[in-house]
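>
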Amino acid sequence: MGTKKKTKPSRGRKKAKTSADQALALDYVRAWAHPTPPPEHSTADAADGFLPPHAARMASGGGANVLFELHSHSNHSDGFLSPSALVERAHRNGVKVLALTDHDTMAGIPEAMSAAHKCGIRIIPGVEISALHSPREIPGAGEPVHILAYYGMCGPSRFDELDSMLLNIRNGRYLRAKNILAKLNSLKMPIKWERVTKIAGEGVAPGRLHIARALVEAGYVDNVRQAFNKYLGDDGPAYATGSEPFTETVVQMISRTGGISALAHPWSLKNPDAIIRSLKGAGLHAMEVYRSDGKVDGLVN
Numbered sequence: 033m034g035t036k037k038k039t040k041p042s043r044g045r046k047k048a049k050t051s052a053d054q055a056l057a058l059d060y061v062r063a064w065a066h067p068t069p070p071p072e073h074s075t076a077d078a079a080d081g082f083l084p085p086h087a088a089r090m091a092s093g094g095g096a097n098v099l100f101e102l103h104s105h106s107n108h109s110d111g112f113l114s115p116s117a118l119v120e121r122a123h124r125n126g127v128k129v130l131a132l133t134d135h136d137t138m139a140g141i142p143e144a145m146s147a148a149h150k151c152g153i154r155i156i157p158g159v160e161i162s163a164l165h166s167p168r169e170i171p172g173a174g175e176p177v178h179i180l181a182y183y184g185m186c187g188p189s190r191f192d193e194l195d196s197m198l199l200n201i202r203n204g205r206y207l208r209a210k211n212i213l214a215k216l217n218s219l220k221m222p223i224k225w226e227r228v229t230k231i232a233g234e235g236v237a238p239g240r241l242h243i244a245r246a247l248v249e250a251g252y253v254d255n256v257r258q259a260f261n262k263y264l265g266d267d268g269p270a271y272a273t274g275s276e277p278f279t280e281t282v283v284q285m286i287s288r289t290g291g292i293s294a295l296a297h298p299w300s301l302k303n304p305d306a307i308i309r310s311l312k313g314a315g316l317h318a319m320e321v322y323r324s325d326g327k328v329d330g331l332v333n
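For the sequence shown, the working numbering gives the first residue as 33, with consecutive numbering after it.
1. Going along the chain, which unbroken runs of the alpha helix (DSSP H) with 4 or more residues stay wholly within the segment 221 to 271?
2. Nearest by alpha-carbon distance to residue 272: which of 211, 109 and 251 is it?
3. For residue 149 versus residue 109, is the C-beta spacing smaller than 7 Å?
4. Would you call the segment 197 to 204 and the segment 266 to 281 in contact, with 3 or more CB pairs under 8 Å?
5. Please list, in chain order, all residues of the same chain as residue 118 whose beta carbon is under 6 Å from its beta carbon, the five residues on each side excluded.
6. DSSP state of residue 276, grouped into three classes?
7. Once DSSP output is grouped into helix, strand and coil, what is the label at residue 164?
8. Excluding the 5 residues flanking residue 73 on each side, which residues of the same chain have their C-beta closer than 6 Å to its C-beta?
9. Nearest CA to the CA of residue 156: which residue from 165, 168 and 141?
10. Please state if the CB of residue 116 and the CB of residue 143 are separated by a distance shorter than 7 Å.
11. Among 224, 295, 298 and 131, which has the Cα closest to the Cα of residue 183?
12. Is the segment 173 to 192 touching the segment 248 to 262 in the sense that three or more CB pairs, one from each, lie closer than 8 Å?
13. Counting beta carbon pairs with one atom in the segment 224 to 235 and one in the segment 288 to 297, are three or more of them shorter than 8 Å?
14. With DSSP as the reference, label residue 206 as helix, strand or coil.
15. DSSP state of residue 197, grouped into three classes?
16. So, using beta-carbon positions, are residue 127 and residue 98 closer together than 7 Å?
17. Per DSSP, what are the beta-bridge partners of residue 158 in this structure?
18. Nearest-angstrom Cα distance between residue 100 and residue 129?
19. Which value, in whole angstroms, describes the spacing of the CA atoms of residue 283 and residue 166?
20. Residue 209 to residue 239, Cα distance in whole Å?
21. Taking Cβ to Cβ, would you say residue 270 is nearer than 7 Å to residue 215?
22. Please tell me whether residue 180 and residue 133 are closer than 7 Å, where the distance is taken between their beta carbons.
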């Protein structure tokens, strides 16, 4: 009678190994995240330099410089400034490290890096990828989620693979915008397609923020926030989805192309706990924890 071979109890899913490209990207970020410390001041003074503007003002009663800005948009998506103008403004405001993370495109990175070289600040090539969290992976169903991707100086490896995903998302943004306009029209708030594309800019896939600006221009709402609260938000009567991939697919794509993934503004999610657990299992590296709206504290606690 033979003896049974003992097996070690399973301790869950093995941690994914960090690729060489990811290791380089991590080193790239760590080198700036842990700079040579400034002369010692009070604990409050030291902390304020790393808080977002709103939190810093609340903590100290005055202004404070943001050294690292890891979530920014240019006019290649829904920002107002060109990449070079954004870099110049960041430099004037004392930013030392800037991640350009336009929605679903990295087209502004070369211009930003060129401007940063002249200004003497550092750029982290990035992108904010639109995704959909659907536990059962039902197309068009689920909660909208944004995933930030950060890369080293050389950008993503397998760039064509990432770019193909981004192109598909951008193409879906055009269809999504048209569906939103159709819903607004049924709500007796007609907006011309030509106006939305002009606001977005040549070659830029239109998003909800561009439509919100058009609603403000037309006098249907007082401001962009009201446009989202009443019509364009995830539960709004004019909301529509595009061709967003599932969140796990996005996280895995970022890892496969040598990037560092981070969950954007998790405090705005309806089901943050479930989404964070799911994405952690897929290989998520981090999540955004500081932003000037001050809504993150409850989630972190």
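The beta carbon of each residue, even a glycine, is placed where N, CA and C say it ideally should be.
Walking through what the data contain:
1. The alpha helix (DSSP H) runs of length 4 or more contained entirely in the segment 221 to 271 are, from start to end of the chain, 225 to 232, 240 to 250 and 256 to 259.
2. Per the Cα distances, 211.
3. No, they are not a contact pair.
4. Contact annotation: the segment 197 to 204 touches the segment 266 to 281, with at least three C-beta pairs closer than 8 Å.
5. In its chain, beyond the 5 residues on either side, 106 have a beta carbon closer than 6 Å to the beta carbon of residue 118.
6. Of the three classes helix, strand and coil, the one that applies to residue 276 here is coil, per DSSP.
7. Strand.
8. Note that residue 73 scores 37 on pLDDT, short of 50, meaning its location in the model is unreliable; the coordinates nonetheless yield the value given after this. Counting only residues of its own chain and dropping the five nearest sequence neighbours on each side, residue 73 has no CB closer than 6 Å to any other CB.
9. When only C-alpha atoms are compared, the closest one is 141.
10. Contact flag set, yes.
11. Each of 224, 295, 298 and 131 was checked against the Cα of residue 183, and the nearest Cα belongs to 131.
12. Not touching, per the Cβ criterion.
13. Too few Cβ pairs lie closer than 8 Å, so no.
14. Reduced to three states, the DSSP call for residue 206 is helix.
15. Reduced to three states, the DSSP call for residue 197 is helix.
16. Cβ atoms of residue 127 and residue 98: closer than 7 Å.
17. Beta-bridge annotation (DSSP): residue 158 is paired with 182.
18. Taking the straight line joining both Cα atoms gives about 5 Å.
19. Approximately 14 Å between the Cα atoms of the pair.
20. Using only the alpha carbons, I get a separation of about 6 Å.
21. Residue 270 is a Cβ neighbour of residue 215, given a cutoff of 7 Å.
22. Cβ distance < 7 Å, so residue 180 and residue 133 count as in contact.
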